[in-house]
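Chains as they are written, first to last, in our numbering: chain A, 1 to 325; chain B, 1001 to 1499.
The C-beta atom is built at its ideal place from N, Cα and C for all residues, glycine as well.
What follows is a set of notes on a single structure, which appears directly below.
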């Protein structure tokens, strides 16, 4: 495939054009302050999007991950406060494992009962959210109670600058975690048999098991991976905004799915790339950010996200259908 | 080393009380081209699955290289060098040709990582063994059926196959592609690989096979070198009785009757160029040509699916320009598509509902469907079409291909169509059903006065049923074989002349 026919190239062109247009409307867009802020907003959605990308390539869909993220974040921080634990590494391991464990439930139901992933993940998402609020708590843990180590960790900047008006701003080091995870996901999808088995499963499930892929293992991997990334992203989010709200992330699943679809992944499965997803996430965050700068009401932002999903899905569906002719 | 690569001895297979195979013996020598023939439901698929290790036989034994093998699993079957190419090819449409070819080897070697340079090398090697070249970076779903088939064969050869079983390999291929396939098959035969063709197309069996085994109702009906057989002999073995291939030739009625369908100067930019076609009541006209010659486009244009055509279309003298399928149906046109399974039938619905799907408007009383009237019409049609099913309430996916085709025909009869366009009317239908469908089509023409346009690649089918055959190429009518010259050799020659 030549460079020009690749979806990623087209997405990059659209992204670039959108940046120029937004820059013309609002010159402040190109300020380093704004760009650093944009990149910071990419981190959480982006990490979650990597998980959703992998699920979508396998031919599935996940809408439960935001609930898992909230559960992993809230449970881990509650536990840290309860135990008086001060550290960074182990809590992230714990949050990741919580997400992974919950993801295994999705895979179990989808595999064992041959259920439709959308229904399963709608169900598990709702159950997890309900249990979290009902059994663990509904109160927001704010900065006074938040483990200070976590906040300090998430404050790490790569570059710190002072603006003309005297305020400090910087580029968060968390972007490195995001890009690192993206690189690992890319290498995994492209250069391991397990990664290829996800494409095979999404392309032709019957054929995948016939040639000898362990499709059950692939399915479990995919949903556990999405859960684990969501759990990790959940705790990172809490650390970055200095509070843990068990009601957080509600409705974010649509943004993440929109970003992945915008990045060229096919909702029919079998197609998608990390590069595309990175671009899709950036585009979505940028559009939402510009709407905020232009003081568009949040309710209208939902309209925009919905339209992005519809248009991007229509385009990818059209692309995939054209290939079949 | 035994004389036979694979020997099945008195294999029996029962599913509950149903006997699918009864003491069937079949042997395949190394490097031979063997054909397994039989109608749908004769036990062909069961025997393939036994050879592939998917089913275990209830009785009998399997010998590979002269040694008995029992409880063979699919993985063991592959280890013994048996590769099955199913009709759906089991390929990954979203992956490239190279990856499709290399995946099996990588999996077999238990690799955990993918070396893309090696993937390419493996793929190049696989294609080189077949003597074909192909774009390794193309996604498989962009390939035509013949291309997918080549990838599937190359993949099987790569897995160190000694026996390749091909299930109905020629169903979706044009004549040129079949020739290309046969060249490849002879090529892999020269490499010592045996090929088992599972087919119901007699012409092709006679052309390629060295030996033939015929199944009927789960029993072996005939076996022997291909030189012992001719077409009627195979048909007799498959169906258990002789089928008469009477040729139907429509006789024009005296006097100047109005044509049923009259097409003048029909063109669609880029696909059809100045088509003129006249069909009379009772006439069956064949339309052939390579895939992509525009024949399907012509059918779709008449049926209201390409509304942007220029030119005139008259049905019984009345000008029509169908812009939608509904308009086409209302003006008396009916179209039975090539792929009846995806385009024509609601598989999980009953025969009755499928029959009524396009003519419900005729059975409405007020806001509601007149159940008595529909029941009467569908029961009558069910009988007239001789559909082999317990009753009109049977879901269509329980029927064989031939019976499904009859349901589609019945549906169009209920619309009161006057012009019937058939696209590949007997593709994937076995000989017995095929003869019955042909008889039905002729009845429709002679008794109901329909004008029939039959699009087909099946030369014997065209010669038997059509009074003339039009050959299309690149969107034009380029040739026509009239009633006096119409025989199989002539038509074959004319079709082969297209390049």
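Asked, Found
"Per DSSP, what kind of secondary structure is residue 301 of chain A in: helix, strand or coil?", "helix"
"With distance defined between alpha-carbon atoms, name the residue in A:242, A:53, A:62, A:211 nearest to residue 368 of chain A.", "Absent from the model: residue 368 of chain A. The displayed extent of chain A is 1 to 325, so no value can be given."
"What residues in its chain sit with their C-beta under 8 angstroms from that of residue 1495 of chain B, if we drop five residues either side in the sequence?", "1175, 1288, 1289, 1459, 1471"
"Verify the CB distance criterion: does residue 1114 of chain B have a CB-CB separation below 8 angstroms to chain A?", "yes"
"Taking DSSP as the reference, what is the three-state secondary structure of residue 335 of chain A?", "The structure shown has nothing for residue 335 of chain A, since chain A only spans 1 to 325."
"When we look at the beta-carbon of residue 221 of chain A and count the other beta-carbons within 10 Å, is it buried (16 or more) or exposed?", "buried"
"With 8 angstroms set as the bound, which would you pick, yes or no: does the beta-carbon of residue 1013 of chain B sit closer than that to a beta-carbon of chain A?", "no"
"Checking 8 angstroms against the spacing of the C-beta atoms, do residue 1389 of chain B and residue 1351 of chain B come in under that value?", "yes"
"In the DSSP assignment, the alpha helix (DSSP H) including residue 1231 of chain B goes from what residue to what residue?", "1231-1239"
"Between the beta-carbon of residue 1348 of chain B and the beta-carbon of residue 1395 of chain B, is there less than 8 angstroms?", "yes"
"Check residue 1221 of chain B in the structure and name its three-state DSSP category.", "strand"
"Excluding the 5 residues flanking residue 1211 of chain B on each side, which residues of the same chain have their C-beta closer than 6 angstroms to its C-beta?", "1034, 1225"
"Restricting to runs no shorter than 4 residues, where is the alpha helix (DSSP H) found entirely within the region 70-130 of chain A?", "89-112"
"Closest to residue 1141 of chain B by CA distance: which of B:1099, B:1179, B:1441 is it?", "B:1099"
"Can you list, in chain order, the residues of its chain whose CB lies under 6 angstroms from that of residue 55 of chain A, leaving out five sequence neighbours each side?", "62, 222, 226"
"With DSSP as the reference, label residue 1335 of chain B as helix, strand or coil.", "strand"
"Quick one: what does DSSP say residue 255 of chain A is sitting in, helix, strand or coil?", "helix"
"Quick one: using the 10 Å Cβ neighbour count with 16 as the cut-off for buried, is residue 1196 of chain B buried or exposed?", "buried"
"For chain A, check one thing: does any of its Cβ atoms lie closer than 8 angstroms to the Cβ of residue 1111 of chain B?", "yes"
"Give the C-beta separation of residue 1247 of chain B and residue 1463 of chain B to the nearest angstrom, bearing in mind that I take them to be a contact with Cβ-Cβ under 8 angstroms.", "7 angstroms"
"Specify whether the region 161-173 of chain A and the region 1078-1088 of chain B touch according to this definition: at least 3 beta carbon pairs, one from each stretch, less than 8 angstroms apart.", "no"
"Note down, in chain order, every chain B residue with its Cβ under 7 angstroms from the Cβ of residue 221 of chain A.", "What residue 221 of chain A touches in chain B: nothing, since even the nearest Cβ is about 13 angstroms away."
"Which ranges does the beta strand (DSSP E) cover as unbroken runs of at least 3 residues, wholly within the region 1121-1200 of chain B, from first to last along the chain?", "1163-1167, 1194-1199"
"Could you check whether residue 1311 of chain B and residue 1265 of chain B sit closer than 8 angstroms to each other, using their CB atoms as the reference points?", "yes"
"Give me the Cα-Cα distance between residue 1058 of chain B and residue 1012 of chain B, rounded to the nearest whole angstrom.", "5 angstroms"
"Going by beta carbon distance, what residues of the same chain come within less than 7 angstroms of residue 1410 of chain B, once the five residues before and after it are set aside?", "1355, 1381, 1385"
"Determine the extent of the beta strand (DSSP E) in which residue 247 of chain A is found, giving its start and end residues.", "Where residue 247 of chain A is concerned, there is no enclosing beta strand (DSSP E), given that its DSSP letter is neither H nor E."
"Pair every Cβ in the region 2-21 of chain A with every Cβ in the region 276-286 of chain A, then say whether three or more of these pairs are closer than 8 angstroms.", "yes"
"Rounded to the nearest angstrom, what separates residue 1209 of chain B and residue 1405 of chain B at their Cα positions?", "29 angstroms"
"What three-state label does DSSP hand residue 1398 of chain B in the structure shown?", "helix"
"Just tell me which of B:1219, B:1217, B:1238, B:1213 has its CA closest to the CA of residue 1227 of chain B.", "B:1213"
"Using a threshold of 8 angstroms, state whether the C-beta atoms of residue 36 of chain A and residue 169 of chain A are closer than that.", "yes"
"Does chain A have any CB closer than 8 angstroms to the CB of residue 1106 of chain B?", "yes"
"Per the contact definition of three or more C-beta pairs closer than 8 angstroms, is the region 230-239 of chain A in contact with the region 68-79 of chain A?", "yes"
"By Cβ distance, which residues of its chain are closer than 7 angstroms to residue 151 of chain A, with the 5 residues on each side in sequence left out?", "239, 242"
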